[in-house]
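**Student:**
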Amino acid sequence: MRVLIKNITILDPFSSRKKKKASLLLENGRIESISDTSKEFRSFKVDCVIDGKDRVLFPGLIDLHTHLRDPGFEYKEDIASGSLAALHGGYTTITSFPNTNPVLDSLETLNLLQEKINQNAFVRVLPVAAVTKGLKGKELTDFEALKNAGAVAFTDDGKGIQDPLLMQQAMLRSKKLTIPLLLHTEDESLTEGGVIHKGNKALELGVPGIPYEAEDAMTARDIILAKKTGARVHFCHVSTRFSAKLIQLAKKEGIPVTAEVSPHHLCFTEDMIESLLDADKKMNPPLRTQKDTEALLKALKKGIIDVIATDHAPHSREEKKKGLLAAPFGITGLETALPLIYTSLIRTKKISFFKIIEALTKKPADILGVNYYPIREKMPLNFVIFNRIKKTTLTPEFFYSKSINFPLIGKEIKGKIEYVFFNNKMTDFRQNQYRTTVF
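Quick note on numbering: the sequence shown equals residues 11 to 449 in this note's numbering.
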């Protein structure tokens, strides 16, 4: 098959030329030729022409923080549904976090996961193993064996490692193996049984709140330990403005830390929670204040925060119907991340499109140490076409994920992933039912 993409804007953080307008000829599963004009391709017979008007092309997105729930919680999500949801959202590389059943803390479970990935995944799925056995925060896993078997990083996400000595030992192991730790910073002695941010909304609804210091205290502790050990640590889902300041200080001191922010912590605040039934707006860390979202956006623009990661955390409708006090933490994000950011931040000119794509591609690739390809002639297909003017209503039918625990169901967002080119295939998401064509 031969495809011509005409006169499209290209955003490529992996290339020396970051932004350009060009036409691309695709053939044999690769980018055969790139030209500043489509005129030189007039004599070519092609099977498909894609007009680049109002569209942007960029590398396939990478999610550093994905919960696929497989094995053990397949009623929420599995490798097939989660990776198809990722493809729908423009992601061609995602992670699989270890809070599964059994926990991803052994070679047996890792091999099981790899087998499921090989059989069912629509995108590249990278396993992230547990720091501690059973995610219990008591005994470290066998880092070396798990890394050699394919783990790209280690995390106990969903729980902070409460024992500072154990955290220090984990950092020393990760440094020896040159593999990153992805840290959920939450001091459980300070969370006070909270379910949303400890602020005005918690007072209004009469529910316990999670204070700033639960996150900030452990962020500070782990920065100190990273300075002592020299380990590469990555802070997951930063939600407070003071944690962002601490990370800024760490970077100024030359401490090898990186950080991520989720789309929901950039775009939503506690004010959107309206009632005790609003469990689709319950996540950990919680939605904070407008001052926090503004500070996090500023930190992203300045490079203090490196990555945007979804923290895709699917749950069933039955679980989320239990309300704020009893429902589990977490919302989905793979299918909505880029349109949400485009609607809230790019169209409103709060941040550049290129900066967002960099935080969704090159920065996570650098942290995980994975191979990636620039948009260049003779390179394999791994890119996305995004329509900037297309509008989408987030009905349940929009989602390919098994779960739809997302706060904006029924709402309209702007921008749409139309095509994903990956693994020798073109997947067309312009209609409700996707179509895949093999080159």
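Even glycine gets a Cβ: it sits at the ideal position worked out from N, Cα and C.
No experiment lies behind these values; they were computed from the predicted model shown.
Closer than 7 Å by C-beta to residue 389: which residues in its own chain qualify, once you throw out the five before and the five after it? Chain order, please.
**Tutor:** 40, 41, 383
**Student:** Rounded to a whole number of angstroms, what is the C-alpha to C-alpha distance between residue 344 and residue 267?
**Tutor:** 25 Å
**Student:** Could you pull out every unbroken alpha helix (DSSP H) segment of at least 4 residues lying fully inside the region 124–176, listed in chain order?
**Tutor:** 153–158
**Student:** Spatial neighbours of residue 227 within its chain, please: C-beta separation below 7 Å, excluding the five flanking residues on both sides.
**Tutor:** Beyond the five residues adjoining it in sequence on each side, residue 227 comes within less than 7 Å, by CB distance, of 197, 200 in the same chain, given in chain order.
**Student:** Here's the rule: buried if 16 or more other CB atoms are within 10 angstroms of the residue's CB, otherwise exposed. What is residue 300?
**Tutor:** The residue in question, residue 300, is exposed, as its Cβ has fewer than 16 Cβ neighbours within 10 Å.
**Student:** Who does residue 436 pair with in a DSSP beta bridge?
**Tutor:** 431, 447
**Student:** Between which two residues does the alpha helix (DSSP H) holding residue 277 run?
**Tutor:** 273–277
**Student:** On a Cα-Cα basis, can you pick out the residue from 153, 318, 251, 137 that is closest to residue 298?
**Tutor:** Checking every option, the nearest Cα to that of residue 298 belongs to 251.
**Student:** Which ranges would you report for the beta strand (DSSP E) in the region 249–293 if only whole runs of at least 3 residues count?
**Tutor:** 267–271
**Student:** Straight-line CA distance for residue 314 to residue 28?
**Tutor:** 21 Å
**Student:** May I ask you to list the residues that DSSP assigns as paired with residue 239?
**Tutor:** DSSP, once it has assigned bridges, lists no residue as partnering residue 239.
**Student:** I need the boundaries of the beta strand (DSSP E) containing residue 399, first residue and last residue.
**Tutor:** Per DSSP, residue 399 is one residue of the beta strand (DSSP E) stretching across 392–403.
**Student:** Check residue 51 in the structure and name its three-state DSSP category.
**Tutor:** helix
**Student:** Hey, how far is the Cα of residue 274 from the Cα of residue 366?
**Tutor:** 14 Å
**Student:** Could you pull the DSSP bridge partners for residue 207 from this structure?
**Tutor:** Beta-bridge pairing links residue 207 to 220.
**Student:** Just reading off the alpha helix (DSSP H) that residue 327 is part of, what are its end residues?
**Tutor:** 327–330
**Student:** Which of the three DSSP states is assigned to residue 98 in this structure?
**Tutor:** helix
**Student:** Hey, could you find the ends of the alpha helix (DSSP H) residue 374 is sitting in?
**Tutor:** 372–378
**Student:** Identify the continuous beta strand (DSSP E) that holds residue 67 and give its terminal residues.
**Tutor:** 65–69
**Student:** Is residue 36 helix, strand or coil when you go by DSSP?
**Tutor:** strand
**Student:** Figure out for me which residue from 398, 418, 395, 218 has the closest Cα to the Cα of residue 406.
**Tutor:** 418
**Student:** Could you pull the start and end residues of the beta strand (DSSP E) that residue 19 belongs to?
**Tutor:** Residue 19 -> beta strand (DSSP E) spans 12–21.
**Student:** Measure the CB-CB distance between residue 184 and residue 231 and report whether it falls below 8 Å.
**Tutor:** no
**Student:** For the beta strand (DSSP E) containing residue 60, list its first residue and its last residue.
**Tutor:** 58–61
**Student:** What's the call for residue 372, buried or exposed, on a 16-neighbour Cβ count within 10 Å?
**Tutor:** If you draw a 10 Å sphere on the C-beta of residue 372, you find 16 or more other C-beta atoms in it, and that means buried.
**Student:** Give the DSSP-derived three-state secondary structure of residue 114 in the structure shown.
**Tutor:** coil
**Student:** Rounded to whole angstroms, what is the Cα-Cα separation between residue 429 and residue 237?
**Tutor:** 43 Å
**Student:** Tell me the rounded alpha-carbon separation between residue 304 and residue 276.
**Tutor:** 8 Å
**Student:** Give a yes or no on whether the C-beta atoms belonging to residue 398 and residue 64 are separated by under 8 Å.
**Tutor:** yes
**Student:** Looking at residue 104 and residue 133, is the spacing between their C-beta atoms short of 8 Å?
**Tutor:** yes
**Student:** Please state whether DSSP places residue 42 in a helix, a strand or coil.
**Tutor:** strand
**Student:** Residue 80: buried (16+ other C-beta within 10 angstroms of its C-beta) or exposed?
**Tutor:** buried
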